[in-house]
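If you're matching positions, the sequence shown starts at 517 in full-length UniProt numbering and goes up one per residue. Report on the following structure.
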Amino acid sequence: DATIAGEFGRVMAWADEFRTLKVRTNADTPADAKKARELGAEGIGLCRTEHMFFEEDRIAAFREMICSDTVEEREAALEKILPYQQGDFEALYEALEGNPVTIRFLDPPLHEFVPTEEADIEKLAKSQGKSVETIKNIIASLHEFNPMMGHRGCRLAVTYPEIAKMQTKAVIRAAINVQKKHSDWTVKPEIMIPLVCEVKELKYVKKVVVETADAEIAAAGINLEYEVGTMIEIPRAALTADEIAKEADFFCFGTNDLTQMTFGFSRDDAGKFLNAYYDTKIFENDPFAKLDQTGVGKLMEMAIKLGKPVNPKLHVGICGEHGGDPSSVEFCHKIGLDYVSCSPFRVPIARLAAAQAAIAEKKAK
Ligand code: PEP
Ligand code: MG
517 DATIAGEFGR
527 VMAWADEFRT
537 LKVRTNADTP
547 ADAKKARELG
557 AEGIGLCRTE
567 HMFFEEDRIA
577 AFREMICSDT
587 VEEREAALEK
597 ILPYQQGDFE
607 ALYEALEGNP
617 VTIRFLDPPL
627 HEFVPTEEAD
637 IEKLAKSQGK
647 SVETIKNIIA
657 SLHEFNPMMG
667 HRGCRLAVTY
677 PEIAKMQTKA
687 VIRAAINVQK
697 KHSDWTVKPE
707 IMIPLVCEVK
717 ELKYVKKVVV
727 ETADAEIAAA
737 GINLEYEVGT
747 MIEIPRAALT
757 ADEIAKEADF
767 FCFGTNDLTQ
777 MTFGFSRDDA
787 GKFLNAYYDT
797 KIFENDPFAK
807 LDQTGVGKLM
817 EMAIKLGKPV
827 NPKLHVGICG
837 EHGGDPSSVE
847 FCHKIGLDYV
857 SCSPFRVPIA
867 RLAAAQAAIA
877 EKKAK
């Protein structure tokens with residue numbers, strides 16, 4: 517029984533008396549969010565919005581967007597996704613009952629969205645009034661050999677600002693509706709921009725977000741605060757964190773990508789050559805399972821040291837898989853993170869690890 521009841525609940529309550537590190541969860545469905553809340557999550561640290569686009573109607577609209585020629589056409593295609601997306605976010609805000617929810621804007625490589633089946637390509641050609649050949653040419657022009665290092669994350673929002681605009685509308689409209697329903701909650705959306713490696717990318721996307729959000733809030737005639745922050749998941753973002761901190765309300769370390777890009781190891785090929793390679797013991801651990809404190813961890817420390825003096829209000833978390841690994845949680849406590857975010861079933865382990873880290877620190881003093 518993994519619920520907060522009985523003996524388990526008592527132990528967890530002791531842990532909570534000691535820990536200073538908050539524990540959030542990675543969740544993008546209301547069911548996961550509720551499960552994590554039962555296990556003690558104090559917020560959502562990462563809501564990935566990718567899967568929300570893969571339902572049939574939505575992916576069709578997204579494909580129309582990719583094949584459109586004008587801003588107006590792209591906006592019209594994305595408008596079809598907006599009500600669904602707003603519904604997704606409302607359900608998450610409801611599940612979190614006024615606790616923080618960080619929503620990350622669309623991240624996957626663009627190629628995951630393009631149709632490969634002949635029938636889908638024909639359907640798209642028909643809906644767009646274009647020839648099959650034209651659609652195939654568009655698809656071919658989007659092909660990349662290294663999609664994970666290509667057209668994804670904020671780069672998508674830079675080439676298609678309409679996506680960021682639509683997602684902002686969905687986040688803000690959802691927050692307004694839930695806030696109106698529950699006047700005793702503080703619904704304060706945290707919008708997270710992925711894969712930033714240059715402050716100007718963040719500035720560019722943030723401008724779209726702020727203009728859109730402020731217009732929505734003004735139209736609703738309501739007081740709603742929101743934050744715009746960034747993932748730190750490319751080494752260059754950590755190295756230029758003083759610049760980035762000027763534009764960010766928060767940092768969240770995406771240590772899956774940060775590990776991939778610091779080691780140059782593919783996160784998608786674990787279990788293949790990598791497992792045998794780790795067996796050589798040249799590397800102490802699988803760096804995707806345990807935070808590499810001398811490399812990736814150093815980049816995290818550096819980002820905090822550079823960012824905090826520039827923006828003392830900056831809050832900092834981690835939402836890579838390491839957020840649920842006890843030794844990594846201990847390291848996150850040591851370097852002064854505000855929260856770790858992990859998958860729902862890892863929440864209790866993270867709470868315990870955070871308590872142990874706080875106790876160890878006290879003992880050492
Ligand atoms: C990460 O890169 O660590 C992260 C949390 O984002 P994703 O796993 O979705 O790339
Ligand atoms: Mg990532």
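Every residue, glycine too, gets a C-beta built ideally from N, C-alpha and C.
Residue pairing from DSSP places serine 857 in a beta bridge opposite Arg540.
DSSP assignment within the region 698-750 yields the following whole beta strand (DSSP E) runs of 3 residues or more, N-terminal first: 706-709, 743-748. Annotation for valine 832: the continuous beta strand (DSSP E) segment containing it runs 831-834. Look at leucine 658 here: in three-state DSSP terms it is coil, with no helix or strand label. Non-local beta-carbon contacts of arginine 564 in its own chain, meaning distances under 8 Å to residues more than five positions away in sequence, involve Asn542, Asp544, Arg620, Asp623 in chain order.
Not one heavy atom of the ligand PEP sits closer than 7 Å to the Cβ of asparagine 739. Annotation: glutamate 727 to serine 647 spans about 37 Å, alpha carbon to alpha carbon. Asparagine 739 counts as exposed, since fewer than 16 other beta carbons sit within 10 angstroms of its beta carbon. In the structure shown, leucine 562 falls within a strand segment according to DSSP collapsed to helix, strand and coil. Where cysteine 848 is concerned, the enclosing alpha helix (DSSP H) starts and stops at 842-850. Put simply, the backbone Cα of arginine 862 is about 12 Å away from that of glutamate 554.
Only exposed fits arginine 526, as fewer than 16 other CB atoms lie within 10 angstroms of its CB.
Per the DSSP secondary-structure output, isoleucine 619 pairs in a beta bridge with Cys563, Ile707.
The bridge partners DSSP lists for cysteine 670 come to none. Annotation for aspartate 544 indicates a beta carbon at 7 Å or more from all heavy atoms of the ligand PEP. Non-local C-beta neighbours of phenylalanine 605 in its own chain, meaning closer than 7 Å and more than five positions away in sequence, comprise Ile619, Ala686, Val687, Ala690, ordered along the chain.
Boundaries for phenylalanine 766: no alpha helix (DSSP H) harbours it, while the beta strand (DSSP E) harbouring it runs 766-769, taken from the DSSP string. With a threshold of 7 Å, the Cβ atom of glycine 770 counts as near the ligand MG, since some heavy atom of the ligand is closer than that. In this structure, glycine 836 has its beta carbon less than 7 Å from a heavy atom of the ligand PEP. Close CB contacts of aspartate 854 within its chain, under the 7 Å cut and outside five residues either way in sequence, are with Lys538, His831, Val832, Gly833 (chain order). Between the region 667-685 and the region 694-702, the count of Cβ pairs shorter than 8 Å is below three; the stretches do not touch. The region 605-615 makes contact with the region 557-576: 3 or more CB pairs, one atom from each, lie closer than 8 Å.
A residue is called buried once 16 or more other Cβ atoms fall within 10 Å of its Cβ, and lysine 722 is buried on that count. Not a single unbroken stretch of the alpha helix (DSSP H) spanning 4 or more residues falls wholly within the region 790-821.
Here the region 707-725 makes contact with the region 740-751; the two share three or more CB pairs at distances below 8 Å. With a cutoff of 7 Å, leucine 815 does not count as near the ligand PEP, since its C-beta is closer than that to no heavy atom of the ligand.
Setting aside the 5 residues that flank it on each side, isoleucine 597 is surrounded in the same chain by Arg574, Ala577, each with a C-beta closer than 6 Å to its C-beta; the list follows chain order.
For leucine 612, the enclosing alpha helix (DSSP H) starts and ends at 598-612. By the beta-carbon neighbour count (other beta carbons within 10 angstroms, threshold 16), isoleucine 692 is buried.
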